[in-house]
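Participant: First residue of the sequence shown? That's 63 in the numbering used here, and the numbers climb one at a time after it. C-beta atoms are modelled at their ideal positions from N, C-alpha and C, and glycine is treated no differently.
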Amino acid sequence: MRALIAALLAAGLVTSTGHAQDKKYGPGVTDSEIKIGQSAPFSGPASAFGIYSRVEGAYFNALNERGGINGRKIRFIVLDNGFSPPKALEASRKLVEEDNVLAEVGTVGTPTNSATQRYLNSKKVPQLLISAGGSKFNDPKQYPWTVPFYPSFETEAIGFARYAKKTLPAPKIAVLYQSDDYGKDFLKGLKKALGEANAKLIVAEASYELTDPTVDSQIISLAGSGANVFMNFSTPKFAAQAIRKANELNWKPMQFIASPGSSVQAVLKVAGFDKSVGVMTAQYFKEPGDPTWDKDQEMLDYFAFMKKYAPNESALDAIGVSGYVNAQMVEHVLKAAGNELTRENLLKKATTLKDVTLSLLLPGIKLGNTPEDYRLYHGFQLSRFDGKGWGSVEYIKAE
Numbered sequence: 063m064r065a066l067i068a069a070l071l072a073a074g075l076v077t078s079t080g081h082a083q084d085k086k087y088g089p090g091v092t093d094s095e096i097k098i099g100q101s102a103p104f105s106g107p108a109s110a111f112g113i114y115s116r117v118e119g120a121y122f123n124a125l126n127e128r129g130g131i132n133g134r135k136i137r138f139i140v141l142d143n144g145f146s147p148p149k150a151l152e153a154s155r156k157l158v159e160e161d162n163v164l165a166e167v168g169t170v171g172t173p174t175n176s177a178t179q180r181y182l183n184s185k186k187v188p189q190l191l192i193s194a195g196g197s198k199f200n201d202p203k204q205y206p207w208t209v210p211f212y213p214s215f216e217t218e219a220i221g222f223a224r225y226a227k228k229t230l231p232a233p234k235i236a237v238l239y240q241s242d243d244y245g246k247d248f249l250k251g252l253k254k255a256l257g258e259a260n261a262k263l264i265v266a267e268a269s270y271e272l273t274d275p276t277v278d279s280q281i282i283s284l285a286g287s288g289a290n291v292f293m294n295f296s297t298p299k300f301a302a303q304a305i306r307k308a309n310e311l312n313w314k315p316m317q318f319i320a321s322p323g324s325s326v327q328a329v330l331k332v333a334g335f336d337k338s339v340g341v342m343t344a345q346y347f348k349e350p351g352d353p354t355w356d357k358d359q360e361m362l363d364y365f366a367f368m369k370k371y372a373p374n375e376s377a378l379d380a381i382g383v384s385g386y387v388n389a390q391m392v393e394h395v396l397k398a399a400g401n402e403l404t405r406e407n408l409l410k411k412a413t414t415l416k417d418v419t420l421s422l423l424l425p426g427i428k429l430g431n432t433p434e435d436y437r438l439y440h441g442f443q444l445s446r447f448d449g450k451g452w453g454s455v456e457y458i459k460a461e
C-alpha cells in the first residue's frame with residue numbers, strides 16, 4: 063500500500079493528504095488570474111450609477127493588493143454602456159467573444175441586463191449577481207445562467223402598497239414610473255398587491271422616458287389627482303426632481319421612493335433635506351452619512367477603504383455602497399469555487415448560498431438562495447427620512 067501511495071504521489075495524482083489535485087479552469091482563468099467583466103453607465107442618463115462600478119473596481123484592486131483569491135488576481139474589465147440596451151449587448155459580446163471573461167458580474171440596470179440576458183444564456187456564460195431587481199431575472203428554468211443580486215422591485219412595491227393600505231383608512235395612490243422594464247416591474251408589484259378589488263385605489267399614473275429633461279409636468283398632473291399616497295418609482299435624477307416639485311406644489315402625500323433612487327447624497331440632498339422629510343424607502347444596506355452608523359466599525363472601515371482606494375469618489379453616496387457589497391459577494395462566490403473555476407461550478411456556487419452576511423448589510427439581513435429560487439433577499443427594512451438620516455419603520459418580509 064505504501065508503495066502504491068508513493069507512486070501516486072510521484073505521478074502527482076494525489077497530494078500528501080490523499081486528495082485529488084484537480085484544477086479545472088474555464089475561459090479567462092489561469093493559475094495567476096481570474097478575468098471577469100461588466101458594462102456600466104459611465105455616460106448617459108443614468109450616469110449617477112457609474113460610482114457603483116468604480117467602487118467595485120476599487121474593491122478588486124484592494125483585494126488584489128492582499129493577494130487576490132487563492133493566489134489569483136482579479137482582472138476586472140468594465141465597458142461603458144451609456145445605459146443603452148444596444149450598447150449593453152455590444153459590450154457583453156465583446157466581453158465574451160474578445161476579452162474571453164469567465165463571467166459577466168454585477169452589471170447595473172434592468173433595461174441593460176434585459177438586453178443581454180438571452181445572449182449570455184445562449185452562450186452559457188454566467189450573468190452573475192446582477193444589480194437589477196426585475197422579476198424576470200429570477201427564472202432558473204428559462205434563464206438558468208442569470209443570477210440576480212439586487213432585491214426584487216416587485217417585492218419592494220408590494221411592501222409599500224401593503225403598508226399604505228394598513229396605515230391609511232382611504233389611500234388614493236398616484237404613481238410615477240420610468241417607462242421601461244425597471245419602472246414597469248415596480249408598477250406590476252403595486253397592482254399585484256392591490257389586486258382587482260382595490261385597483262381603483264390608483265387614481266393617477268404618469269410615466270417618463272430616460273431622455274426627458276424633467277418630470278415636472280408629470281408631478282403637476284399627479285398632484286392634481288388628489289392622491290394622498292405617492293409611489294415614486296424612478297432613478298436618482300428624476301427621484302430628486304419629483305420630491306422637489308411635489309414640495310414646491312405643497313403636495314404632502316405619504317411618499318415612497320424606489321430603493322435605487324433613495325441615496326441621501328445623490329437624491330435627497332439634491333432635492334433638499336427639508337423637502338425630503340417623511341419620504342420612505344426600502345433599505346438593505348447601512349447608509350453612509352446616516353448618524354445611526356457614525357461609530358459603526360463596518361462603516362468606519364468603508365470610509366477608510368474609500369479614502370485609500372477610491373479617493374475621487376463620494377464616500378457618502380449610497381450607490382457606492384451597493385457596488386462595495388456586490389463586490390464582496392463576487393469575492394465570496396469565487397472563493398467558494400476554489401480551484402474549479404469553470405462557468406458551471408461558478409453558477410452552482412452562486413445558486414446554493416446560505417446565510418451569507420456581508421459588511422454593510424443591515425443587521426439581521428442574511429442572504430441565501432436555491433437552484434429553484436435565485437432570490438438572495440427575503441425582505442427589507444422600511445425606513446423613513448427624518449431630515450438627517452433614515453429611521454426604521456418596520457421590517458417587511460417578502461412573500
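Along the chain, where does the beta strand (DSSP E) that runs through residue 443 open and close?
Facilitator: It spans 441-447 - the beta strand (DSSP E) in which residue 443 sits, taken as one unbroken run.
Participant: Among 229, 123, 140, 297, whose alpha-carbon lies nearest the alpha-carbon of residue 194?
Facilitator: Answer by Cα proximity: 297.
Participant: Check for me: the beta strand (DSSP E) holding residue 239 runs from which residue to which?
Facilitator: It spans 235-240 - the beta strand (DSSP E) in which residue 239 sits, taken as one unbroken run.
Participant: Let me make sure I understand the geometry here. Which of 421, 291, 98 has the alpha-carbon closest to that of residue 163?
Facilitator: Checking every option, the nearest Cα to that of residue 163 belongs to 98.
Participant: So who's on the other strand from residue 170, going by DSSP bridges?
Facilitator: Per DSSP, 193.
Participant: Checking the sheet assignment: what are the DSSP bridge partners for residue 452?
Facilitator: Residue 452 is bridged to 447.
Participant: Helix, strand or coil for residue 438 per DSSP?
Facilitator: DSSP places residue 438 in coil when its eight states are reduced to three.
Participant: My output table needs one value for residue 115: the three-state DSSP class, helix, strand or coil.
Facilitator: Note: residue 115 maps to helix in three-state DSSP.
Participant: Following the continuous alpha helix (DSSP H) through residue 389, name the residue where it begins and the one where it ends.
Facilitator: That run of the alpha helix (DSSP H) goes 380-399.
Participant: According to DSSP, is residue 244 part of a helix, a strand, or is it coil?
Facilitator: Three-state DSSP puts residue 244 in a helix.
Participant: Would you mind reading off the limits of the beta strand (DSSP E) that contains residue 343?
Facilitator: Segment 342-345, the beta strand (DSSP E) holding residue 343.
Participant: Counting only runs that start and end within the stretch 289-349, where is the alpha helix (DSSP H) found for 4 or more residues in a row?
Facilitator: With a minimum length of 4 residues, the continuous alpha helix (DSSP H) runs that stay inside the stretch 289-349 are 298-310, 335-338.
Participant: How many Å lie between residue 446 and residue 134 at the Cα?
Facilitator: For residue 446 and residue 134, the distance between alpha carbons rounds to 43 Å.
Participant: With a threshold of 6 Å on Cβ separation, who are the neighbours of residue 417 within its own chain once the five nearest residues in sequence on each side are excluded?
Facilitator: Excluding positions up to five away in sequence, the list reads 428, 430.
Participant: Based on the DSSP output, what are the partners of residue 264 in its beta bridges?
Facilitator: In the DSSP output, where bridge partners are listed per residue, residue 264 has 235.
Participant: Rounded to a whole number of angstroms, what is the C-alpha to C-alpha distance between residue 399 and residue 287?
Facilitator: Using only the alpha carbons, I get a separation of about 54 Å.
Participant: Residues in its own chain within less than 8 Å of residue 452 by CB, not counting five upstream and five downstream?
Facilitator: Cβ neighbours of residue 452 beyond the five flanking positions: 326, 343, 345, 349, 352, 354, 445, 446.
Participant: Does any residue of chain B have a CB that is nearer than 8 Å to the CB of residue 246?
Facilitator: Protein chains in the displayed structure number just one, and chain B is not present.
Participant: Output needed for residue 424: all residues of its chain with C-beta closer than 7 Å, excluding positions within five of it in sequence on either side, in chain order.
Facilitator: Taken in chain order, the residues that qualify are 345, 346, 347, 348, 443.
Participant: Near residue 450, what residues of its chain come up, given a Cβ to Cβ distance below 7 Å and the 5 sequence neighbours on each side ignored?
Facilitator: 353.
Participant: As a quick exercise: from 206, 422, 149, pick the residue whose alpha carbon is nearest that of residue 105.
Facilitator: Minimum Cα distance to residue 105 is reached at 149.
Participant: Less than 7 Å between C-beta atoms, sequence neighbours within five positions excluded: which residues of the same chain meet that for residue 306?
Facilitator: So the qualifying residues of the chain are 333, 334, 337.
Participant: Please state whether DSSP places residue 100 in a helix, a strand or coil.
Facilitator: Here residue 100 sits in strand by DSSP.
Participant: With H, G and I counted as helix, E and B as strand and the rest as coil, what does DSSP make of residue 360?
Facilitator: Reduced to three states, the DSSP call for residue 360 is helix.
Participant: Using only CA atoms, which one of 384, 192, 437 lies nearest to residue 174?
Facilitator: Of the candidates 384, 192, 437, the one whose C-alpha sits nearest the C-alpha of residue 174 is 192.
Participant: Would you call the stretch 203-218 and the stretch 256-270 in contact, with 3 or more CB pairs under 8 Å?
Facilitator: Verdict: no, contact absent.
Participant: Which partner residues does residue 92 have in the DSSP bridge list?
Facilitator: BP columns for residue 92 are empty, so no partner.
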